[in-house]
Amino acid sequence: MLRDKRQFDAVEQIVRQQGKIRNFEKQAGPILYRMMITLEEISGNVPSEMNAAHKPGDTFTFICSFDFCDVEAGVLFDRKTLRPVSELWITKQVEGAELPSPDWIDLFIRLLVERVVLAKDGLTLPIYLFGNNESQLIIQHDPGKGKMS
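My numbering puts the first residue of the sequence shown at -4, with every later residue one more than the last.
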């Protein structure tokens, strides 16, 4: 399930009003899945051994959630170097949840590299992804800056 479905739905409504989803679906077909990447404080979602290894404030915690499976994937990045400083972990949101395929984890990591590590305009999170088997529509929105791209 998405980490913040209400926030995702609000962004989706704006993107629909802008015609971006209509244009996407016209070119690539209907949206089949949604994915969200958020920046979190170190919290209970981070395995305790990773919490102990890093001081709060030294790392970014990135969490990826999906609308099609009840798990979250997470990874810690150093704030200064923007390099990973932890292994990736998976947290089940409900008992018996199925794990995402490696392709979904690869997409999460690829988006972090492309949209965070290599970004020249700073961190713009959350990242919202609408996709199907043909293509993806990626929206970055910083509510504090009123910026959506």
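Using N, Cα and C, we set each Cβ at its ideal position, and we do this for glycine too.
Because the structure is a prediction, the values reported are computed rather than measured.
Cβ shell of residue i (< 6 Å), same chain only, five flanking positions each side left out
i: Leu27; result: Asn127
i: Val112; result: Leu77
i: Val89; result: Asp65
i: Phe103; result: Cys59, Ala68
Residue i Cβ short of 7 Å to the ligand FAD heavy atom set
i: Gly117; result: You won't find the ligand FAD in this model; it holds no ligand whatsoever.
Outcome for residue i when other beta-carbon atoms lying within 10 angstroms are tallied against a minimum of 16
i: Gly117; result: exposed
i: Ile9; result: exposed
i: Val6; result: buried
i: Gln135; result: buried
Residues that DSSP places opposite residue i in a beta bridge
i: Arg154; result: Given a span of -4 to 144 for the chain in the structure shown, any question on residue 154 remains unanswerable.
i: Gly69; result: Ile58, Trp84
i: Leu34; result: Phe57
i: Leu124; result: Met30, Ile133
Close-in-space but distant-in-sequence residues of the same chain around residue i (CB under 7 Å, 5 per side omitted)
i: Val80; result: His49, Thr54, Leu71, Phe72, Asp73
8 Å Cβ cutoff met for residue i and residue j
i: Cys59; j: Glu93; result: no
i: Arg29; j: Phe125; result: yes
Selected residue, minimal CA-CA separation from residue i, among the options
i: Lys75; options: Gly52, Arg110, Gly14, Asn18; result: Gly52
i: Arg(-2); options: Leu124, Asp98, Asp62, Ala5; result: Asp62
i: Trp99; options: Gln131, Gln2, Ala114; result: Gln131
i: Phe57; options: Gln2, Arg110, Arg1, Gln22; result: Arg110
i: Leu106; options: Met31, Gln22, Phe3, Gly14; result: Met31
i: Thr33; options: Phe3, Gly91, Lys87, Asp101; result: Phe3
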